[in-house]
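Enquirer: Line order of the protein sequences matches chains G and P.
Under UniProt numbering, the letters of the first sequence match residues 1 to 254, in that order.
Under UniProt numbering, the letters of the second sequence match residues 1 to 254, in that order.
Backbone N, C-alpha and C define an ideal beta-carbon position, used for all residues, glycine too.
Treat the numbers as computed from the prediction; the structure is a model and nothing was measured.
2 protein chains.
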Amino acid sequence: MDSLRFTAKASSDGVTERDFTVGEVTGVLWSPASGPGRAPLVLMGHGGGTHKKAPAMAGRAHRLVTGCGFHVAVIDAPGHGGRPRTAHDEREVAAMRRATAAGEPVGPIVVRYNAHLAERAVPEWRATLDALQELPEIGTEGPVGYFGLNMGTAIGVPLTAADPRITAAVFGVFWHESLAETAKRITIPVEFVLQWDDEHIPRPSGMALFDAFASEEKTLHANAGRHKEVPRFEADSAVRFFARHLGRAVPTPA
Amino acid sequence: MDSLRFTAKASSDGVTERDFTVGEVTGVLWSPASGPGRAPLVLMGHGGGTHKKAPAMAGRAHRLVTGCGFHVAVIDAPGHGGRPRTAHDEREVAAMRRATAAGEPVGPIVVRYNAHLAERAVPEWRATLDALQELPEIGTEGPVGYFGLNMGTAIGVPLTAADPRITAAVFGVFWHESLAETAKRITIPVEFVLQWDDEHIPRPSGMALFDAFASEEKTLHANAGRHKEVPRFEADSAVRFFARHLGRAVPTPA
Numbered sequence: 001m002d003s004l005r006f007t008a009k010a011s012s013d014g015v016t017e018r019d020f021t022v023g024e025v026t027g028v029l030w031s032p033a034s035g036p037g038r039a040p041l042v043l044m045g046h047g048g049g050t051h052k053k054a055p056a057m058a059g060r061a062h063r064l065v066t067g068c069g070f071h072v073a074v075i076d077a078p079g080h081g082g083r084p085r086t087a088h089d090e091r092e093v094a095a096m097r098r099a100t101a102a103g104e105p106v107g108p109i110v111v112r113y114n115a116h117l118a119e120r121a122v123p124e125w126r127a128t129l130d131a132l133q134e135l136p137e138i139g140t141e142g143p144v145g146y147f148g149l150n151m152g153t154a155i156g157v158p159l160t161a162a163d164p165r166i167t168a169a170v171f172g173v174f175w176h177e178s179l180a181e182t183a184k185r186i187t188i189p190v191e192f193v194l195q196w197d198d199e200h201i202p203r204p205s206g207m208a209l210f211d212a213f214a215s216e217e218k219t220l221h222a223n224a225g226r227h228k229e230v231p232r233f234e235a236d237s238a239v240r241f242f243a244r245h246l247g248r249a250v251p252t253p254a
Numbered sequence: 001m002d003s004l005r006f007t008a009k010a011s012s013d014g015v016t017e018r019d020f021t022v023g024e025v026t027g028v029l030w031s032p033a034s035g036p037g038r039a040p041l042v043l044m045g046h047g048g049g050t051h052k053k054a055p056a057m058a059g060r061a062h063r064l065v066t067g068c069g070f071h072v073a074v075i076d077a078p079g080h081g082g083r084p085r086t087a088h089d090e091r092e093v094a095a096m097r098r099a100t101a102a103g104e105p106v107g108p109i110v111v112r113y114n115a116h117l118a119e120r121a122v123p124e125w126r127a128t129l130d131a132l133q134e135l136p137e138i139g140t141e142g143p144v145g146y147f148g149l150n151m152g153t154a155i156g157v158p159l160t161a162a163d164p165r166i167t168a169a170v171f172g173v174f175w176h177e178s179l180a181e182t183a184k185r186i187t188i189p190v191e192f193v194l195q196w197d198d199e200h201i202p203r204p205s206g207m208a209l210f211d212a213f214a215s216e217e218k219t220l221h222a223n224a225g226r227h228k229e230v231p232r233f234e235a236d237s238a239v240r241f242f243a244r245h246l247g248r249a250v251p252t253p254a
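#1: Chain G beta carbons: is any one of them nearer than 8 Å to that of Phe174/P?
#2: Going by the beta-carbon positions, is the gap between Gly145/P and Pro32/P smaller than 8 Å?
#3: I need the straight-line Cα distance from Met207/P to His227/G, nearest angstrom please.
#4: Report the residues of the stretch 40-72 of chain P with a CB closer than 8 Å to any CB of chain G, ordered along the chain.
#5: Is any beta-carbon of chain G found at less than 8 Å from that of His221/P?
#6: For Lys52/P, count neighbouring Cβ atoms within 10 angstroms of its own Cβ and tell me buried if that reaches 16, exposed if not.
#7: Verify whether the separation of the beta carbon atoms of Arg38/G and Val28/G is less than 8 Å.
#8: Just how far apart, CA to CA, sit Val193/G and Thr21/P?
#9: Take the Cβ of Pro189/G as the centre, count every other Cβ of all protein chains shown within 10 Å, and call the residue buried at 16 or more, exposed below.
#10: By the DSSP assignment, the beta strand (DSSP E) with Asn223/G in it spans what residues?
#11: Determine, using beta carbons only, whether Arg112/P comes closer than 8 Å to chain G.
#12: Between the stretch 52-67 of chain G and the stretch 101-108 of chain G, can you find at least three pairs of beta-carbon atoms closer than 8 Å?
#13: Here's a check: name, in chain order, each residue in its chain whose Cβ is nearer than 7 Å to the Cβ of Ala161/P, leaving out the five neighbours to either side.
#14: Below 8 Å on the Cβ atoms is my guess for Gly47/G versus Leu149/G; work out the distance and round it to an integer in Å.
#15: May I have the straight-line CA-CA distance separating residue 280/G from Ala87/G, to the nearest angstrom?
#16: Out of Asp13/P, Ala222/P, Leu220/P and Leu132/P, point me to the one whose CA is closest to Leu64/P's CA.
#17: Could you pull out every unbroken alpha helix (DSSP H) segment of at least 4 residues lying fully inside the stretch 142-216 of chain P, listed in chain order?
#18: In whole angstroms, what is the alpha-carbon distance linking Ala238/P and Pro84/P?
#19: Going along chain G in order, which residues have a C-beta closer than 9 Å to the C-beta of Phe233/P?
#20: If the cut is a Cβ gap below 8 Å, which residues of chain G does Ala168/P touch?
#21: Could you tell me the boundaries of the beta strand (DSSP E) in which Glu229/P lies?
#22: If we ignore side chains and look at the alpha-carbon of each, how far apart do Arg244/P and Trp175/P end up?
#23: Would His71/G and Ile155/G be called neighbours here (beta carbons separated by less than 8 Å)?
#24: Val25/G to Glu141/G, Cα distance in whole Å?
#25: Under the three-state reduction of DSSP, which class applies to Ile109/P: helix, strand or coil?
#26: In this structure, how does DSSP classify His71/P when only helix, strand and coil are distinguished?
#27: Rounded to a whole number of angstroms, what is the C-alpha to C-alpha distance between Thr252/G and Cys68/G?
#28: To the nearest angstrom, how far is the alpha carbon of Ala121/P from that of Glu92/P?
#29: Tell me whether Thr66/G sits in a helix, a strand or coil according to DSSP, three-state version.
#30: Hey, how far is the Cα of Ala235/G from the Cα of Gly172/G?
#31: Quick one: what does DSSP say Ala102/P is sitting in, helix, strand or coil?
#32: Closer than 9 Å by beta-carbon distance: list the chain P residues that pair up with Ser215/G, in chain order.
#33: Cutting at 6 Å between CB atoms, please list the residues of its own chain near Ser205/P, excluding the five before and the five after it.
#34: Does the Cβ of Ala254/G have 16 or more other Cβ atoms within 10 Å, making it buried, or fewer, making it exposed?
#35: Taking only three categories from DSSP, how would you classify Glu92/G?
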């Protein structure tokens, strides 16, 4: 098993940021700069074409660390964040660019390519989680959450179905075709975000994915707006969701 | 114009509760026991068959008062909370009881009866709001919110469409038939709650009502569960929604 190696460290605003590698996988771990040692862990998956330290990742991580005292880990998906692209990656990226340039639907390519990436990413995530749980400040006893939209959902749904260590998840903004069958095996609490006016994902497709989860507790948050207009308050909602389910109190009205 | 008369006062846990009347209408106003004088006002509508001080009303009011420092007012709907029932009320209540006892759908009766009650309740609410705004601690300048599910939505949607003083609203758990046309005239921010497994309200009906609002900012919260199983965390979400839109800060993660 590959162990975790820290490669860089920085701190600001009460948050420590440590870059790490687990084998070929590059990641980042955000933690409280001070405070109690052991705390729950939230894994976050980034969107397609971005990377582990994209602004959305850093912003959500800061909310989770400073609001709840959690650890937050993100890894670069295969072919993302400077990780090498395969010939398959190059073909699919080119196909997405051609479709976009031609004004053709990019959805079918995203669905099939992200399903392929998930096959590579799920074992990487599980090895990374093994390695993270070796750290004394995380350990194997604490609860683990997963938070990822877009490609973060395409990878997170099969990851969550495969790994019983994940006990609460925030997903959303993805098509049902490649994921609904897998979602039927997921029973943990789920918060699911979709955009009511998504120009790429038909409304019934997003709804069908939400419907597929077997979770007794699941909540759909559908916001007016287009594909990339998920409101920032959904990140705050996710923080409260994880606070409820991973066991740290968040200051909220009584 | 009928003015507001206070008829009883009590305080507990930092919240002052004052019963009042405006003409024939009976109401309650919850306020911070101490603190800055003038504050935003949230009007709340209770569900069918309950009353102004039902546990859901008192619980939500306490959250809004202690969390945000708001004033919160609830009035008894016509025929509710000890207010006299008309012959029409008695006929409709009997019809609902018969349908329930016979295992027949109660929805069509609720829809038509609540539309009737809304015609009586909207002018009562507007007169009550006039009178509440005469109070120095409320005034005419501050923002006003509306929060009501079930019958509270059947009354609140036409009230909000009619009264431009209401600038943010939480609705939900109602059929579209009697309300969708009116909802199309509403443009303020809306949070809308529905139950994914509602045994009375067909899923497409609740969704059609959410879809009808013309609001640029609107959010659907759909929770797994039956008609009466709206999760308690939706009340906390409503508090944060009003804090965002009525201008008081709530302690939340950064």
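Expert: Quick look at the numbers:
#1: no
#2: One thing to note: Gly145/P has its Cβ no nearer than 8 Å to the Cβ of Pro32/P.
#3: 19 Å
#4: His62, Arg63, Leu64, Thr66, Gly67 and Cys68
#5: Judged by the 8 Å Cβ criterion, His221/P is in contact with chain G.
#6: buried
#7: no
#8: 43 Å
#9: buried
#10: Lys218 to Asn223
#11: no
#12: no
#13: Thr182, Arg185 and Ile186
#14: 7 Å
#15: With chain G covering 1 to 254 only, the question about residue 280/G has no answer from this structure.
#16: Asp13/P
#17: 151-162, 180-183 and 203-212
#18: Approximately 31 Å, taken between the alpha carbons.
#19: Thr219, Arg240, Phe241 and Arg244
#20: Residues of chain G passing the Cβ test: none, with the nearest at roughly 13 Å.
#21: Note, Glu229/P: premise wrong, no beta strand (DSSP E); not H, not E.
#22: 27 Å
#23: no
#24: For Val25/G and Glu141/G, the gap between their C-alpha atoms comes out near 24 Å.
#25: helix
#26: strand
#27: Summary for Thr252/G: the model assigns pLDDT 43, below 50, so the residue's position carries little reliability; its value from the coordinates is reported in the next sentence. Between Thr252/G and Cys68/G, the C-alpha separation is close to 12 Å.
#28: 16 Å
#29: helix
#30: 12 Å
#31: In the structure shown, Ala102/P falls within a coil segment according to DSSP collapsed to helix, strand and coil.
#32: Ala224
#33: Trp175 and His176
#34: The predicted position of Ala254/G is uncertain, since its pLDDT is 33 and thus under 50; a value taken from the coordinates is nonetheless stated next. Exposed is the call here.
#35: helix
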